[in-house]
Each structure stands twice: as C-alpha cells, then as structure tokens.
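Residue numbers (my numbering): 1 to 220.
Every residue gets a Cβ at the ideal spot worked out from N, C-alpha and C, and that includes glycine.
As the structure is a prediction and not an experimental result, all values here were calculated from the model.
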C-alpha cells in the first residue's frame, strides 16, 4: 500500500465488493484484493513482467485476475506548487483495449491458462503534472501522476478467442504489421507486439511476404 499511486488506490476502491479483503498475504505474496469467492485480483498499472513469479507460484491453485487500466481519454492538468490548476487541456491521444498487448507481451500464451483472466479498464483520466517540465541532461522528464476520473468500459479476456472479439475484425487477406497498426489506430511497435501475442496464442499465423515485408493471416 505504501508504494501504490492514486490511480492504483482509486481502482482498488472501485473494484472492491462486499466481502472482499484488501492487501492479503497469500503464500509469500501480498494480493491487492481477495474476492469473497476466492479469486485473487491484481491491479497492474505498469508492465506485467513483475507479476511473473507471483503467477508461477499461485496460478495453478488459484483463480487470478489481472486488472490493467488504459487511458481511453486523458486530460493534461498542470498545477503550481500550491496545488492550484494552471492549465487543463484534452490530450489528443486515444487508446483502446489493444494497449494491453504492450504489457501482455511478457507472457501472451499464459492467457490460455484456465485460472487466468485479464481485465482491461478503459478510463477517463486526469494526468497531473507540474507547472513546467523538468529538463535534466537535455532530457525532458514530465511523468506526472495518473488520477481516475471515470471507468468508461471494461473488457474481459478469459481465453484467446476473447482477444479477437476485443479487436476490430482482422482482414480476410494477409496483412502486415503496418496495416495492423492502421486498423488498430496505434503505433507500429504496439502493432508488432500485438501480432507477436496473436501468433503465440495461435490466433494468427505467418503468411509469407510481400516483397521484404512479412505478412500474417488469421489462423484456420
């Protein structure tokens, strides 16, 4: 609890149900929420890699849910040293459920495990920042702090087939990662990670090349 940020804390309150227990030790690990029915809930605002040891130790014997928040809408709010709002503007960036592949790349095939559920929360957020970015060694650092405004939607991934339902329909013809990026409205790197995850889930397969460009197609 000492290390959790305001977004993590707010989501934990939002998810809690009657009978749930927060910050419970299970084996050697502390779990964000333990449901009354026994499900273990972990809220992961960053990468999934640090969860690897915990999943290895607990997943075979417990139902587990990883909850990952994604900023579908974001407002950039700058505050002065006294906490007064200096400016607020809507960020042009929009993100969808596909953002989870940026984190799921750590262990994509694990989604086939019957005890694991990944839940993507699409949020409206305020990103709180200082009055001006801090520049050190010619690098601008303006990480800020994420704060929950509203949960807009929830996407549940219990098995690989749920992934396809959460994405726009994939093309019938072979496609490149650049074309996948256009379809998802994301950058090329995220499209590459998405394609990698889909391959390991056996949802897409290699489909030769177009010139030097590797292609993919829906499996089966």
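Under 8 angstroms between C-beta atoms of residue i and residue j
i	j	result
residue 40	residue 63	yes
residue 48	residue 7	no
residue 166	residue 180	no
residue 70	residue 122	yes
residue 169	residue 217	no
residue 79	residue 130	yes
residue 201	residue 171	no
residue 108	residue 197	yes
residue 51	residue 44	yes
residue 124	residue 191	no
Limits of the beta strand (DSSP E) - the one that residue i falls within
i	result
residue 8	Run containing residue 8: none in the beta strand (DSSP E); it sits in the alpha helix (DSSP H), 6 to 15.
residue 103	Careful: residue 103 lies outside any beta strand (DSSP E), inside the alpha helix (DSSP H) at 101 to 104.
residue 146	145 to 157
residue 32	29 to 34
Continuous alpha helix (DSSP H) stretch holding residue i: start and end
i	result
residue 54	52 to 58
residue 200	188 to 200
residue 163	160 to 166
residue 226	Only positions 1 to 220 of the chain appear in this structure, which leaves residue 226 out of reach.
Same chain, Cβ closer than 8 angstroms to residue i, neighbours up to 5 away in sequence not counted
i	result
residue 14	148 and 151
residue 157	100, 111, 117, 118, 119, 120, 163 and 166
residue 92	none
residue 27	57 and 58
For residue i: DSSP bridge partner residues
i	result
residue 214	209
residue 117	65
heavy atom of the ligand FMN below 7 angstroms from residue i C-beta
i	result
residue 57	Annotation note on the ligand FMN: not contained in the displayed structure, which lists no ligands.
Same chain, Cβ closer than 6 angstroms to residue i, five either side skipped, listed in chain order
i	result
residue 155	97, 120 and 166
residue 2	Note that residue 2 scores 46 on pLDDT, short of 50, meaning its location in the model is unreliable and no value can be drawn from it.
residue 94	none
CB contact below 8 angstroms: residue i versus chain C
i	result
residue 180	In summary, chain C is missing from the structure at hand, where a single protein chain is found.
Own chain partners of residue i with C-beta closer than 7 angstroms, once the 5 adjacent residues on each side are dropped
i	result
residue 19	36
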